[in-house]
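To keep things clear, I will list the structure first and then write my remarks on it.
Protein chains: 2
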Amino acid sequence: MRKLKNSELERISVDNFKNSKKTPIIVVLDNVRSALNVGSAFRTSDAFRIEKIYLCGITSTPPNKEIRKSALGSTNSVEWEHAEKTDEVVLKLRKEGYLVCAIEQVSNSVMLNNFKSTEKPLVVVFGNEVNGVQQSVVDLCDVCIEIPQIGTKHSLNISVSIGVVLWDLFYKVNQ
Amino acid sequence: MRKLKNSELERISVDNFKNSKKTPIIVVLDNVRSALNVGSAFRTSDAFRIEKIYLCGITSTPPNKEIRKSALGSTNSVEWEHAEKTDEVVLKLRKEGYLVCAIEQVSNSVMLNNFKSTEKPLVVVFGNEVNGVQQSVVDLCDVCIEIPQIGTKHSLNISVSIGVVLWDLFYKVNQ
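For the record, the sequence lines run as chains E and H. So in the numbering used here, spot 146 of the first sequence is number 146, and the numbers just go up one at a time. Converting from the second sequence to the numbering used here requires adding 1000 to each position, the first position being numbered 1.
Structure follows, in structure tokens:
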């Protein structure tokens, strides 16, 4: 089991990324406070070749020093757009045929392991570090997905949640 | 889909956590540089009720201000121990009957989605932010697990990797 050098990993170039077929998943960040979390969202979205990231409300946008620190260049590969209002993005994407999923703990959420991917491309909405996805945005979503947790704390860090959800859905849509 | 209050999530207390049956997975951090990543490892390990965390080599230990910032109290629930040498921890746990898995990109790694959980309890070893798991430690492991990635960057952030791997294995060992 010899560790591989970076050059042996044969990652694709930014140009090839841009021209490649994407994983049919869009990430929406609803008023995320920390630019480090935004950068991490880019890095994870790059790894799973996500279609696009919407940065909504107060969510920072590139160029930004903190985003750069955790994105490590992945803002060049992953397509992104800023939008003032998260609800308008959600409505637009639903009209375009996406199944919009808020990642939230709600009264009738679907546990991530029970979520079945459908024919529709997916949108996953992640919320603010303290307040989560706004209730008004939750109200516009098709479904809420929850990451099952059996510990003492209420939630996972948003960067970790994005990793967990994108890995799980990336695997499901590629099956 | 009404957002739940923290009190409605019915999380367990620290005492109940300590007395509860754990997920049969141990996390080993091999010379992790950032205390924020260590705190995140605690928070994620709390969420999936992980058995124990070994903090090896230069990896920071509680109490630590940066760990506290991202662990948010989960250092009180999750059992941990510091060890000078990662290889000694790996050898000890293998002797105790654990299947020890390095999370690394190596010449014959098993992709995470192809990894089947066995009867044995698991150990997952995560490495330094720049250098990964030391080759000498990889050499002592039973298997290397790799998170499939199809982007431009070489790897995921370690906090995100821990989330992805623990979620995937937590789900598999509970099936």
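Ideal Cβ positions, reconstructed from N, Cα and C, are used throughout, including at glycine.
Complete runs of the alpha helix (DSSP H) confined to the region 1068-1109 of chain H [at least 4 residues]:
1086-1095
Which partner residues of residue 171 (chain E) appear in the DSSP bridge assignment?
None; residue 171 (chain E) has no bridge partner.
Are any of the Cβ atoms in chain E nearer than 8 Å to that of residue 1104 (chain H)?
yes
Can you list, in chain order, the residues of its chain whose CB lies under 7 Å from that of residue 19 (chain E), leaving out five sequence neighbours each side?
none
Mark residue 1002 (chain H) as exposed unless 16 or more other C-beta atoms lie within 10 angstroms of its C-beta, in which case mark it buried.
exposed
Return the chain-ordered list of same chain residues with a C-beta closer than 6 Å to the C-beta of residue 1083 (chain H), the five sequence neighbours on each side being excluded.
1054, 1056 and 1089
Spatial neighbours of residue 48 (chain E) within its chain, please: C-beta separation below 8 Å, excluding the five flanking residues on both sides.
23, 25, 166, 167 and 170
Under 7 Å Cβ-Cβ, which residues of chain E neighbour residue 1072 (chain H)?
153
Which of the three DSSP states is assigned to residue 30 (chain E) in this structure?
strand
CA nearest to the CA of residue 1027 (chain H), picked from H:1126, H:1137 and H:1140
H:1126
Among H:1122, H:1164, H:1062 and H:1078, the one whose alpha carbon lies nearest that of residue 1096 (chain H)
H:1122
If you measure from the beta carbon of residue 2 (chain E) to each beta carbon in chain H, is any gap under 8 Å?
yes
Cβ shell of residue 1146 (chain H) (< 8 Å), same chain only, five flanking positions each side left out:
1103, 1104, 1105, 1106, 1109, 1110, 1111 and 1112
Buried versus exposed, by CB contacts within 10 Å (16 or more), residue 1118 (chain H)
exposed
Sub-8 Å separation of residue 137 (chain E) and residue 86 (chain E) beta-carbons
yes
Report yes if the CB atom of residue 67 (chain E) is closer than 8 Å to the CB atom of residue 60 (chain E), and no otherwise.
yes
Under the rule that 16 or more other beta-carbon atoms within 10 Å means buried, what is residue 130 (chain E), buried or exposed?
exposed
Would you say residue 19 (chain E) reaches chain A, if we count a Cβ-Cβ gap shorter than 8 Å as a contact?
Looking at the structure shown, chain A is missing, and the protein chains on hand are E and H.
Report yes if the C-beta distance between residue 43 (chain E) and residue 71 (chain E) is below 8 Å; otherwise report no.
yes
What number of angstroms, rounded off, separates the C-alpha of residue 153 (chain E) from the C-alpha of residue 1052 (chain H)?
16 Å
Beta-carbon spacing of residue 120 (chain E), residue 98 (chain E) below 8 Å
yes
Could you tell me whether the Cβ of residue 32 (chain E) comes closer than 8 Å to any Cβ of chain H?
no
Identify the contact partners of residue 48 (chain E) in chain H, using a Cβ-Cβ distance below 9 Å as the criterion.
1148, 1149, 1150 and 1151
With hydrogens ignored, establish whether the beta-carbon of residue 1023 (chain H) is closer than 7 Å to any heavy atom of the ligand NAD.
In terms of ligand content, the structure shown is empty, and the ligand NAD therefore cannot be addressed.
Rounded to whole angstroms, what's the CA-CA distance from residue 101 (chain E) to residue 175 (chain E)? Just pull it up for me.
19 Å
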